[in-house]
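Residue 308 is where the sequence shown starts when you use the working numbering, and the numbers rise one by one after that.
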Amino acid sequence: MVKETSPWCYVLHVSPETDLDEAWQLLQEAGLSPLYIEEDLEKLTRIFVDANSDLTIESLLERFPFIDYAEREELGNIDWEQQWAIHGQNFQDGYVHIDLPNAVSSKWKRLKLTPGAGFGDLSHPTTHLVLRMMRDFVADHYVVDVGCGSGVLALCAIALGAKQVDAIDIDEKALEHAQDNAKINEMSNHIAFYLPEDFHSKHITSVILMNMIMSEQKQAWDVLKSLHKQNGVCIVSGVLAEQKEDYLHQAKLWGWKLAEVQKELDWLGFRFER
308 MVKETSPWCY VLHVSPETDL DEAWQLLQEA GLSPLYIEED LEKLTRIFVD
358 ANSDLTIESL LERFPFIDYA EREELGNIDW EQQWAIHGQN FQDGYVHIDL
408 PNAVSSKWKR LKLTPGAGFG DLSHPTTHLV LRMMRDFVAD HYVVDVGCGS
458 GVLALCAIAL GAKQVDAIDI DEKALEHAQD NAKINEMSNH IAFYLPEDFH
508 SKHITSVILM NMIMSEQKQA WDVLKSLHKQ NGVCIVSGVL AEQKEDYLHQ
558 AKLWGWKLAE VQKELDWLGF RFER
C-alpha cells in the first residue's frame with residue numbers, strides 16, 4: 308500500500324462552471340490523487356493531479372467532461388508555499404496558524420503548519436468540521452488520525468489534551484510533511500507516524516478521526532483491522548450531503564451508531580459511537 312509519487316503531474320484546465328469539490332471527488336474515485344487547485348480570474352481554473360496512473364491525457368479528457376484540456380508538468384515545479392499562501396487559512400510568515408485558546412499548554416495555543424504536500428491547510432470545510440466536532444472528545448484519550456495528511460488533526464488533538472496520537476497515511480510525502488509539522492510544534496514525542504501496513508493498535512478504546520471521501524474511508528477501514536474491535540468514538544468528514552444515506556448505511560455495516568451530524572456548505576461531519 309505504499310504510494311509511489313510520480314515526478315510528473317497532470318494539469319487539468321477545467322470549465323468555468325465546474326463544481327470544484329465534485330470534480331476533486333470524481334478524480335479521487337477514479338484512483339487519481341489531486342494535489343491542489345489553482346484559481347485565476349483571467350484563466351481557466353487548474354487542478355494539479357499526481358500522474359502516477361495508467362490514465363493518459365486522452366482518456367482523462369474522455370472520462371471527465373469538465374476538463375477543457377490537459378497537459379503534463381514536472382511535479383517539482385509546484386511551489387507549496389505559494390499555494391498555501393493563496394489557499395491556507397491565517398497564513399503569515401511562511402506558516403498557516405491555528406489558534407486553539409483551549410489548548411492544554413500555552414505553547415500550543417497557536418500551532419503552525421509549514422507548507423507541503425499533505426492535505427490539510429485549514430482551507431477545506433471538512434477539516435473545519437472534524438476539528439470542531441473533536442474538541443470535546445480527545446482529551447485524555449488515545450487518538451488515531453487515519454489519512455493524516457499535513458498532520459493538522461493529529462497536532463490539534465495533542466494540543467487539546469490527547470494522551471497519544473497514531474497518525475496514518477498511505478502517502479510517504481504526506482507523512483514526511485506531517486512529521487515536519489510535529490517537530491515545528493514540539494510534538495514529535497507525542498505523535499507516531501505509520502504507513503497502513505506498518506500500523507497495529509493494541510489499545511482497547513480510541514478516538515478515530517477520518518477526513519477522507521467515502522471510498523477512501525472504506526479502503527482504509529478494511530486494511531486497519533486492529534481498530535475493528537476497539538470501543539470508542541469515530542469523528543469523520545469527507546462526505547457530501549447527497550451521500551448521507553449511503554454513508555450511514557455503510558457506517559451501520561461497520562457497527563457504528565450515529566450520535567451527531569453537522570454540516571458546513573455541502574459537506575457533512577459525523578460522530579459515531581462504536
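Idealized CB from N, CA, C, for every residue including glycine.
Values in this document were obtained by computation on a predicted structure and should not be read as measured data.
Three-way DSSP call (helix, strand, coil) for residue i in this model
i, result
"R442", "coil"
"T352", "strand"
"V309", "In this predicted model, V309 has a pLDDT of only 39, less than 50, meaning its place in the structure is not dependable; the value taken from the coordinates is given anyway. Residue state, collapsed to three classes: coil."
"I542", "strand"
"A337", "coil"
"L547", "strand"
"H484", "helix"
"L362", "coil"
"L534", "helix"
"H507", "coil"
"W561", "coil"
"L327", "helix"
"E367", "Note on identity: in this sequence residue 367 is Leu, with Glu being the wrong assignment. If DSSP states are grouped into helix, strand and coil, L367 belongs with the helices."
"D428", "coil"
"L467", "coil"
"D553", "helix"
Identity of the residues DSSP links to residue i by a beta bridge
i, result
"V269", "This structure gives no information on residue 269, because the portion of the chain shown stretches from 308 to 581."
"I491", "Per DSSP, none; premise fails for I491."
"V321", "T352 and I374"
"Y343", "F355"
"V403", "F398 and L420"
"R379", "Y317"
"Y501", "I475"
"G576", "S544 and Q569"
Whole-angstrom distance between residue j and residue i, CA atom to CA atom
i, j, result
"R370", "A410", "46 Å"
"W415", "L560", "38 Å"
"V318", "E324", "18 Å"
"S322", "L339", "19 Å"
"I465", "E336", "31 Å"
"F579", "E378", "42 Å"
Extent of the continuous beta strand (DSSP E) to which residue i belongs
i, result
"Q569", "K564 to E571"
"K419", "R417 to L420"
"S457", "First-last for S457: undefined, no H or E at that position."
"R581", "Run containing R581: none; DSSP gives neither H nor E here."
N-terminal and C-terminal residue of the alpha helix (DSSP H) that residue i is part of
i, result
"V530", "M521 to V530"
"A410", "A410 -> no alpha helix (DSSP H), and no H or E assigned at all."
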